[in-house]
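Worksheet for the structure shown next.
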Amino acid sequence: QWLAAGTSGQALITQGSGANPIWGSGGKNVKINQFTNNTATSSYNNITSRTPFWSFTWNKQYADSLLEVSVHMPFVDQHQYHPHFSVMGIRFSTTNYDTNGSDIYGYFHHVDQDQSSQSSLASAYTGQMVYDTASTNISAAGTVYVRMVLNSSSGSAHGGLGEWNYNGDNRQMVTPISTVIIKEYEQ
34 QWLAAGTSGQ ALITQGSGAN PIWGSGGKNV KINQFTNNTA TSSYNNITSR
84 TPFWSFTWNK QYADSLLEVS VHMPFVDQHQ YHPHFSVMGI RFSTTNYDTN
134 GSDIYGYFHH VDQDQSSQSS LASAYTGQMV YDTASTNISA AGTVYVRMVL
184 NSSSGSAHGG LGEWNYNGDN RQMVTPISTV IIKEYEQ
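Just so we're aligned, residue 34 is where the sequence shown starts under my numbering, counting upward by one.
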């Protein structure tokens, strides 16, 4: 007896020793998106509230998916005024960049070399997180507005980010590139 043709998108699934194969749903899908920015932007100083610095849209493929988000963003600090840990966050929204969103902090951290004699220090925001979108404002598939933000949770001024994607050093070959990678896993 021959197995009838399956429906488009189905995969042939084995059922173990002695059992006939069947048509069914195949493995889960993964969608990978990389977003980059190499525009140098100056002066993120004296931040007292949520301050956006990079926005982009992303097309979410699957409802209730699991996201793996990786971030690397080069900055130059000014003087010794370094931001505290976890002042950088990411915001996901389905309406626009400023409403109906989820702000997520604590996964991205500021790394630099503390030298009080230097007026400009190379630094980076870097980090990785996993975010389950089920039962969130971005649980459905479709356009998602993504915004990278700096924040002072205490309301007091934080400073020190002199330039994002720093290009002020003429010994550099190219302007640094900021990267956000979003891997979306179908559940």
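Note that CB positions come from ideal geometry on N, CA and C, so glycine has one too.
*Keeping to the same chain, check which residues put their C-beta closer than 8 Å to that of Thr40; ignore five residues upstream and five downstream.*
Trp56
*Would you tell me roughly how many angstroms separate the C-alpha atoms of Pro116 and Thr127, rounded to the nearest one?*
In this prediction, Pro116 has a pLDDT of 49, which is less than 50 and means its spatial position is unreliable; nothing more can be read from the coordinates.
*asked:* Considering Cα atoms alone, identify which of Ala157, Ile65, Ser168 and Asp165 is closest to Tyr199.
replied: Ala157
*Taking one C-beta from the region 90-103 and one from the region 166-175 each time, how about it: are there three or more such pairs within less than 8 Å?*
yes
*Would you give the residue range spanned by the beta strand (DSSP E) that Pro85 belongs to?*
From DSSP, the beta strand (DSSP E) with Pro85 extends over Thr84 to Lys93.
*Would you please state the rounded distance, in angstroms, between the beta carbons of Tyr140 and Asn184? I believe it to be under 8 Å.*
Rounded, the Cβ-Cβ distance is 13 Å, inconsistent with contact.
*When the Cα of Ile214 is compared with those of Gln67, Leu45, Thr166 and Gln48, which residue comes out closest?*
It is Gln67.
*What are the residues that DSSP puts in a beta bridge with Ala173?*
Per DSSP, none; premise fails for Ala173.
*Hey, how far is the Cα of Pro54 from the Cα of Lys61?*
19 Å
*Can you tell me where the beta strand (DSSP E) with Gln43 in it begins and where it stops?*
For Gln43, the enclosing beta strand (DSSP E) starts and ends at Gln43 to Ile46.
_Less than 6 Å between C-beta atoms, sequence neighbours within five positions excluded: which residues of the same chain meet that for Ser88?_
Tyr130 and Arg180
*On the DSSP bridge assignment, give the partners of Pro54 in chain order.*
None; Pro54 has no bridge partner.
*Within 10 angstroms of the Cβ of Ser98, are there 16 or more other Cβ atoms? Answer buried if so, exposed if not.*
buried
_Beta-bridge pairing of Leu100 - partner residues as DSSP gives them_ = Tyr164 and Glu217
*For Gly39, which three-state DSSP category applies?*
coil
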